[in-house]
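Trainee:
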Amino acid sequence: MAAVNPLDHIAIQNVLSRYCEALDTKFFPLLNYVFVPEVVADYPFNSALKGVDAVKAAIQTRLGPIKTHHSLTTQIITFSRDGRTANATTHFIGAHLGQGPHAGKVLSAYGKYIDVLVLLDANGGDYEGVQGASGIWRIKERTVVFTGRVGDESIMQEY
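In the UniProt record's numbering, the protein residues as written are 1 to 159.
1. In the DSSP assignment, find the unbroken beta strand (DSSP E) run with residue 31 in it and report its ends.
2. Going by beta carbon distance, what residues of the same chain come within less than 6 angstroms of residue 141, once the five residues before and after it are set aside?
3. Considering just the uninterrupted stretch of the alpha helix (DSSP H) at residue 140, what are its terminal residues?
4. For the 8 angstroms Cβ check, are there 3 or more pairs between the region 68–84 and the region 12–31?
5. Tell me which residues share the same chain as residue 112 and place their Cβ nearer than 8 angstroms to its Cβ, disregarding the 5 neighbours each side in the sequence.
6. Thinking residue 100 and residue 7 are a contact (beta carbons under 8 angstroms), I'd like their distance in whole angstroms, please.
7. Could you give the distance in angstroms between the alpha-carbon of residue 42 and the alpha-carbon of residue 49?
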């Protein structure tokens, strides 16, 4: 079994945080630095997504009418024996803030991201991981599971 580079934990945490940054800033091209191009994803609002462009489109459609604030909480990361893949389960809280006629309303989503990540060779760039990590980590498979939703679901509608 290969020794796990402890900096890979930080690199994976950065990738998962970058996902929240993309959603909360609505800068969806950032998702290219989160997922591999051929990602397979299953969201409660859109299952069987294939490819990063499909994921971007689904999220942009879903979050278009609202502002969001995502927070990551409890997390477990495990590595394969060869250190080239990892599984991460990350719990989250997503605050969805109503706009327009829904101003002042909030919908809080609680759940977890269940991810399979792969290690890619480093090739430079602003979002290419952590110096000293084994390379670049990207999400290959994602399943999103809601464990609870509290608030006004109507804020998710376009106005």
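Positions of the beta carbon are idealized from the N, C-alpha and C atoms, including for glycine. All values derive from a computational prediction rather than experimental measurement.
Mentor: Quick answer:
1. Element bounds for residue 31: n/a, residue is neither H nor E.
2. The beta carbon of residue 141 sits closer than 6 angstroms to the beta carbons of 40 and 116 from its chain, once the five residues preceding and following it are set aside; these are given in chain order.
3. From DSSP, residue 140 is part of no alpha helix (DSSP H) but of the beta strand (DSSP E) over 136–151.
4. They touch, by the three-pair rule.
5. Cβ neighbours of residue 112 beyond the five flanking positions: 89, 90, 91, 92, 144, 145 and 147.
6. At roughly 44 angstroms, the Cβ-Cβ gap does not stay under 8 angstroms, so residue 100 and residue 7 are not in contact.
7. Residue 42 and residue 49 have their alpha carbons spaced roughly 6 angstroms apart.
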